[in-house]
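Scroll down for the structure; my scribbles are underneath it.
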Amino acid sequence: MEFPPDDAEFDPFWFTEDFYETAPEARTDANTTIMSLPIELLLEITRYSKFSDIYSLTTVNKILHAVAIERFYSVVAIKPKHFLSRVESSPGISKDSDIVDMLPLFDCKFSSILRGLFAHKRHLCALRKLVICNFPGTYKETETALLCTIVHEIVNDATGLGTLRIANTDWSSTRGTTGIDLTGVTCPPTLRVVNIPVLREEASQAILRHIGSLTELTVESVTHEFLESCSDNTYSRVTLFSSDWDIHSAPERHSESTKIGHHLPRIMPNIQSLTLRFTPPWYQQSEYEALAERFNETCDLLLRNLKKLRHFTVQKVSELTYDTVGSIHINDEVAMLKRFASLRPSLESVTIYKHNPFLLFGSDYYYEKSVTWKKVAYPSNPNAAGRGLRDVVWTPDPRVISRWWWWFGMYGHVTDVRAKMVEHWKGESDIPSLDRLKLWAEDEANTIKYHLQIV
1 MEFPPDDAEF
11 DPFWFTEDFY
21 ETAPEARTDA
31 NTTIMSLPIE
41 LLLEITRYSK
51 FSDIYSLTTV
61 NKILHAVAIE
71 RFYSVVAIKP
81 KHFLSRVESS
91 PGISKDSDIV
101 DMLPLFDCKF
111 SSILRGLFAH
121 KRHLCALRKL
131 VICNFPGTYK
141 ETETALLCTI
151 VHEIVNDATG
161 LGTLRIANTD
171 WSSTRGTTGI
181 DLTGVTCPPT
191 LRVVNIPVLR
201 EEASQAILRH
211 IGSLTELTVE
221 SVTHEFLESC
231 SDNTYSRVTL
241 FSSDWDIHSA
251 PERHSESTKI
261 GHHLPRIMPN
271 IQSLTLRFTP
281 PWYQQSEYEA
291 LAERFNETCD
301 LLLRNLKKLR
311 HFTVQKVSEL
321 TYDTVGSIHI
331 NDEVAMLKRF
341 ASLRPSLESV
351 TIYKHNPFLL
361 FGSDYYYEKS
371 VTWKKVAYPS
381 NPNAAGRGLR
391 DVVWTPDPRV
401 ISRWWWWFGM
411 YGHVTDVRAK
421 MVEHWKGESD
431 IPSLDRLKLW
441 AEDEANTIKY
451 HLQIV
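Take the sequence shown: its letter number 243 is residue 243 in full-length UniProt numbering, and every next letter is one higher.
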C-alpha cells in the first residue's frame, strides 16, 4: 500500500473496514522500538506529526491505530461550500437523502476528512470537537436539509463529542441559524460547549433544548425575543456565557439596552464566567454620558443578580479621548472595580476592554485595548496565628505597560513594584524584568512625579 507524500494529498478515508481487516503485520524491529514507548509519549508524537507520517506509523502495529484516530478525528471542521454546491449536479440526491446517498458529494480532497469520519464508527467515537463553517442562510432547501442530516448523524453517534461550534463568516450573507433543526437528536452527555452565531428563539428551540448537559454557551449576539421567551432557570447548568450586546443613547431605547441585565440572571442563574461586549454604534462625545449610564445600569443589574459570578469580561464604553497622561483613566477603572466588587463580592477577576470610536481618513475605526485586574486579599494586622482582617486590592496584569502607573503609584520604588508583581501574578502572567521596569521609571520620572495620583 502506498502512502501519500504530504498532508495535502492525505485521505483519512483509507481507514475503512477493509483496512482494519487487512492492515499489515508489524515489522519486528519497529514494533519492538515503538511499543516500548509509553502511550502518553505516542500521543504527543502524533500531536506534532504530519498526517502522512502518522498514517505510516499505524502500519507498524494495529494497536497504534487508536493513537492515529485520536489525532485525525478529535477535531473536525466541515466546510459545506466545498460540496453542497454539487447537490444539483448529483443524481438521486434530495432533501430526504441519507448519508450513504451523499457520499459521492464528499469525493474531493476538502471533504475527505468527512468521508473518513463516516467510514467507521470508531472514528465518530473519537470526535471531540465539531466545527461547521458557513452554515446555511444562502443555501437552498435541499442543501440545508442535507447539512442537517450530516449534523444529525454525527451528533447522534459521536459519543464523546464535547464541543459543537456552528460558525458563520463573510462567505454567508446572513448570520441566522434558523435553518438548523436538531429535532430528534440524542446529544451525548459529554456535549457541554456550544458556539453559535445568533441566539434567537428558533435557534434555542432547535439546538439548546436537546443539550441537557450544556455548561458553556458562546454566541455572537443574543436577541431580545430569546431573552423574553425563556422561562426561569431554562439554562441553569450554564456556567460560562459570552455574547455581544447593543446599547443605545436614545431615551426611548433605554429598556432595550438594559434588557439583558433583567433577563440573563433568571435564565442562567449559575453563570460563573461572563463575557459581555457592549457594542454601541459610532457615537458623538455628547452621547457618551447617556451610553455610560446604560453601561453602568446593565452591569449593576448583572452583578447584583448573578450570585455565583467569579470572572467578568466586559467591553466598556469609553470617552473618545481616553489615553490621557497619568492616572486619570486608571482611577476610573479602580472606581469601577470597587463598585463591581461591592455589588458582587464573589468576583475574582475583571477584564476590561476599552471601545473607542474615532474618525480616521473618513472611516470609522475602533481602537480597543484590554487589561485584566485580579483581586488579591491578604491579612491586615494579622495576629500571631496569621489571622486577622483581610485587605482587598485589585491588581492589573503586569504585561500591560500602561498600567505600570498603578504599580508605581501603589508601591513606589521599582524593586518593591517588581516584588509585588511576582507575589501577586507569578505563574499567571509574564513578569517584566527589573531592568525594564527601571528603564521605564527613568523615562517617565517627571510624569510620575507631577501627574501620578492613585486613589
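We treat Cβ as the ideally placed atom computed from N, Cα and C, and that holds for glycine.
Here DSSP, grouped into helix, strand and coil, assigns S236 to coil.
The beta carbon of T215 lies closer than 8 Å to those of R192, V193, R237, V238, T239 and L240 in the same chain, with the five residues before and after it left out. G261 has its alpha-carbon roughly 10 Å from the corresponding atom of W245.
At the C-beta level, L437 and V422 stay beyond 7 Å of one another. Residues of the same chain with a CB within less than 7 Å of the CB of A290, apart from the 5 flanking positions on each side, are S249 in chain order. For the alpha helix (DSSP H) assignment, the uninterrupted runs of no fewer than 4 residues enclosed by the segment 261–317 are, from N- to C-terminal side, 288–305.
Here A68 carries a helix assignment [DSSP, helix/strand/coil]. Cβ-Cβ separation between L306 and L274: approximately 7 Å, consistent with a contact (criterion under 8 Å). Non-local beta-carbon contacts of E44 in its own chain, meaning distances under 7 Å to residues more than five positions away in sequence, are absent. In summary, I401 is exposed, with fewer than 16 beta-carbon neighbours lying within 10 Å of its beta-carbon over all protein chains present.
Here P345 is exposed. Its C-beta has fewer than 16 other C-beta atoms within 10 Å. Inclusion of V219 and I196 in the CB contact set at 7 Å is warranted, their separation being smaller than that value.
Relative to the Cα of L347, the nearest Cα in the group H329, S255, V392 and K316 belongs to V392.
Between H263 and H254, the alpha-carbon positions lie close to 15 Å from each other. In the three-state scheme derived from DSSP, where H, G and I count as helix and E and B as strand, V393 is classed as strand. Ranking I150, R304, P38 and W373 by CA distance to the CA of E333 puts W373 first. For L434, the enclosing alpha helix (DSSP H) begins and ends at L434 to D443. Considering only W440, N270, F278 and R339, the residue with the shortest C-alpha distance to K259 is F278. Separation of L302 and P265 (C-alpha to C-alpha, rounded to the nearest whole angstrom) is 7 Å. In this structure, the CA atom of W425 is about 27 Å from the CA atom of N270. Taken through DSSP and simplified to helix, strand or coil, S257 comes out as helix.
Contact check for W406 and I330: beta-carbon distance about 5 Å, within the 8 Å limit, so the pair qualifies. The DSSP-derived three-state label of S74 is coil.
Checking the DSSP bridge columns, you'll see V414 has no partner listed. For N233, the closest of I267, I132 and H120 by C-alpha to C-alpha distance is I267. In this structure, G160 places its C-beta atom within 7 Å of the C-beta atom of C125. A distance of 7 Å or more separates the beta carbons of V131 and A68. For S36, there is no enclosing alpha helix (DSSP H), as DSSP marks it with neither H nor E. In the DSSP assignment, S229 falls outside any beta strand (DSSP E) and within the unbroken alpha helix (DSSP H) covering H224 to S229.
In this chain, K426 is not harboured by any alpha helix (DSSP H), its DSSP state being neither H nor E. By the CB criterion at 7 Å, K121 and V75 fall outside the cutoff. Beta bridge pairing from DSSP links F241 with L217 and L274. For R310, the closest C-alpha among the options S349, Q285, L147 and D157 is that of S349. Inclusion of S433 and D397 in the CB contact set at 7 Å is not warranted, their separation being larger than that value. Between the alpha carbons of A292 and A445 lies a distance of about 33 Å.
Nearest neighbour of F72 by Cα position, chosen from M410, A119 and L41, turns out to be A119.
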